[in-house]
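Note that the sequence shown ends on residue 398 in the numbering used here; no numbers are left out. Heads up, the beta-carbon is just placed ideally off N, CA and C, and yes, glycines get one too.
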Amino acid sequence: MKEISVIVPVFNEEGNLADLYKRINDVLIKINKKSSVIFIDDGSNDNSKKIILELHKQNNNIEYILFTRNFGHQSAVFAGLIKSNSKCVVIIDADLQDPPELISEMYSEWLTNETPIIYAQRIKRKGESIFKKITAKFYYRFFSSIIDFNIPLDTGDFRLIDKKVVNEVLKMKDSNLFLRGQISWTGYRSKKIEYVRQKRKSGKTGYSLKKMIRFGLDGIISFSNYPLKLISLIGFYLTVISLLLILYALSSKFYYGNVIDGWTSLTIIISFFGGIQLIAIGIFGQYLARINDNVLSRSHYIISRQSK
Ligand code: UDP
Ligand code: MG
């Protein structure tokens with residue numbers, strides 16, 4: 091078994107790979123134990139694949155997986171976790187926003203204190219849009235308020251995890267991957283290392299707005315029933331309000347009698363059933379979400395080629 095593997099998901103990163111590998115490898119040379127860098131090409135349509143194969147030929151500590159198409163960042167990391175066979179694993183972005191030199195600090199924390207999870211927390215994010223910074227800040231604060239375990243704020247997937255954490259994550263049958271949540275969910279002891287997130291070295295972000303929204307929803311839906319509870323609650327309050335409306339409609343009719351024919355019954359029916367329907371949808375949703383999660387057990391990705 092190797093000592094350490096570094097997992098790198100790659101989607102159109104041709105301008106970053108050579109430099110990235112060099113900087114990671116410098117850290118691995120210092121660690122001086124059996125190690126590997128695992129590149130997972132997530133269906134790039136630039137020269138990333140070619141560069142990975144070339145780097146693999148020239149360096150014997152490189153492993154690779156090529157996907158048939160773009161399956162998404164989380165699927166790529168997951169494939170890397172499966173391929174890794176090491177005492178500890180580091181997940182890092184390919185665009186050099188996460189400085190590889192931090193791996194050295196993570197590794198010594200793991201080695202000396204046997205800390206199972208060492209995550210890198212961003213104290214500053216360079217070269218990212220205000221929109222991304224604000225939505226990320228808000229999202230993780232909201233997320234952490236609706237789940238029942240602790241998740242570090244301002245933290246992506248850049249982290250070192252022990253083999254035992256990898257094994258627990260690989261056991262999970264989640265169809266929608268949200269690895270930072272799944273790793274925190276294990277509850278293993280963790281430690282943070284603060285860092286300044288750099289500007290992407292070259293190329294542009296592979297996370298379109300659509301992918302970001304999808305990812306955000308995956309996290310919430312996989313780890314919380316809060317939205318469903320919220321609809322049920324709204325339905326409940328609407329029902330209470332509609333009961334008051336019913337009383338009002340009935341008294342208008344029988345007390346004052348100055349009401350157009352049909353208005354009373356219509357008001358009662360619409361308001362009462364509106365409320366009941368929302369409660370019902372909320373309850374159905376609770377079941378549906380659970381069944382859906384279990385039924386969709388499609389594989390996370392398809393591999394077209396990989397190293398031994
Ligand atoms: N990535 C991927 N598949 C995708 C999108 C991104 O494997 O569909 C990789 C990308 O190459 C990088 C990491 O995931 O190594 C983070 O992506 P990116 O830098 O585009 O996201 P951002 O830093 O803008 O959130
Ligand atoms: Mg990036």
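By how many angstroms is the C-alpha of Ala370 removed from the C-alpha of Tyr400?
The chain is shown from 91 up to 398; residue 400 falls before or after that span and cannot be answered.
What's the C-alpha gap between Trp200 and Arg287?
22 Å
So, using beta-carbon positions, are Leu269 and Val255 closer together than 8 Å?
no
Backbone CA spacing between Arg290 and Ile114 [nearest angstrom]
16 Å
Compute the distance between the beta-carbons of Leu186 and Leu110, then report whether it is under 8 Å.
yes
Identify every residue that forms a DSSP beta bridge with Glu153.
Ile128
Asp116: CB within 7 Å of a non-hydrogen atom of the ligand MG
no
Looking at Val100 and the ligand UDP, is the gap between the Cβ and the nearest heavy atom below 7 Å?
Answer for Val100: yes, Cβ within range of the ligand UDP.
Going by the CB atoms, is the gap between His163 and Tyr154 shorter than 8 Å?
no
Quick one: using the 10 Å Cβ neighbour count with 16 as the cut-off for buried, is Asn257 buried or exposed?
exposed
For Glu284 and Ser95, the rounded distance between their alpha carbons
22 Å
Assuming Ile237 and Ile207 form a contact by the criterion Cβ under 8 Å, report the distance between their Cβ atoms to the nearest whole angstrom.
About 16 Å; that fails the 8 Å criterion.
On the criterion of 16 or more Cβ atoms from any shown chain inside 10 Å, does Asn240 qualify as buried, or is it exposed?
exposed
Keeping to the same chain, check which residues put their C-beta closer than 8 Å to that of Glu93; ignore five residues upstream and five downstream.
Taking Glu93 as the centre and dropping the five residues before and after it, the same chain places the C-beta of Ile121, Lys123, Lys124, Ser125, Ser176, Lys177, Cys178 closer than 8 Å to its C-beta, in chain order.
Taking 7 Å as the line, does the beta carbon of Arg290 fall inside it for any heavy atom of the ligand UDP?
Distances from the CB of Arg290 to the heavy atoms of the ligand UDP include at least one below 7 Å.
Would the C-beta of Gln272 count as close to the ligand MG, meaning under 7 Å from any of its heavy atoms?
no
Sequence-distant residues of the same chain with beta carbon closer than 6 Å to Arg316, five excluded per side:
In the sequence as presented, Arg is not what sits at residue 316; that position holds Tyr. Ile236, listed in sequence order.
Shortest alpha-carbon distance to Ser394 belongs to which of Ala169, Glu103, Lys112, Asn151?
Minimum Cα distance to Ser394 is reached at Ala169.
Cβ-heavy atom distance, Asp252 to the ligand COA, below 7 Å
What this structure holds is the ligand UDP and the ligand MG, not the ligand COA.
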